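Quick note on our numbering: the sequence shown kicks off at 46 and runs consecutively.
One structure below.
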Amino acid sequence: MYYKHIIKNDIVKESYVEFIIDNNMVSLKGADSSYYEHNKNVLLKIFDSNNCTISDTNIHCSAYGMYANAFQNGYVEVGYSYWNCYVSEKGNSLCSFGK
Numbered sequence: 046m047y048y049k050h051i052i053k054n055d056i057v058k059e060s061y062v063e064f065i066i067d068n069n070m071v072s073l074k075g076a077d078s079s080y081y082e083h084n085k086n087v088l089l090k091i092f093d094s095n096n097c098t099i100s101d102t103n104i105h106c107s108a109y110g111m112y113a114n115a116f117q118n119g120y121v122e123v124g125y126s127y128w129n130c131y132v133s134e135k136g137n138s139l140c141s142f143g144k
């Protein structure tokens, strides 16, 4: 897992958390609340709806030893073992080790 940024004129325009499951690259767009439904549908497809919990404000999925979250406010997060990558609703991003 890692994060990706689309930069135009030295300004970050888009931020993503990306990860690979079964040789499929999965991309969740962060810091953009209008992408919540898209992110949710991606997670439901990749993790299977049986491995996901949907609440009023977010979706949480867990399988393959990893988890992923998408929130209506634009926050997205993926974790595996002790690694975690996120893009916040404000566009901050970080990958870190440890819980």
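Glycine residues also receive a C-beta, built at the ideal position from the N, C-alpha and C atoms.
Because the structure is a prediction, the values reported are computed rather than measured.
Can you name, in chain order, every residue of its own chain whose Cβ lies under 7 Å from the Cβ of residue i, other than the five neighbours on each side?
i, result
"G124", "M111, Y112"
"I66", "I91, Y109"
"N103", "N114, A115, F116, Q117"
With DSSP as the reference, identify every bridge partner of residue i, one or two as the case may be.
i, result
"I91", "Its beta-bridge partners do not exist; DSSP assigns none."
"H149", "With the chain covering only 46 through 144, there is no way to say anything about residue 149."
With a cut-off of 8 Å on the beta carbons, I'd call residue i and residue j a contact; round off their distance for me.
i, j, result
"G136", "V57", "7 Å"
"L73", "V121", "4 Å"
Is it right to say residue i is buried, meaning 16 or more other beta carbons lie within 10 angstroms of its own, or is it exposed?
i, result
"C130", "buried"
"N84", "buried"
Go ahead and pull the three-state DSSP assignment for residue i.
i, result
"K74", "strand"
"K135", "coil"
"Y109", "coil"
"N96", "helix"
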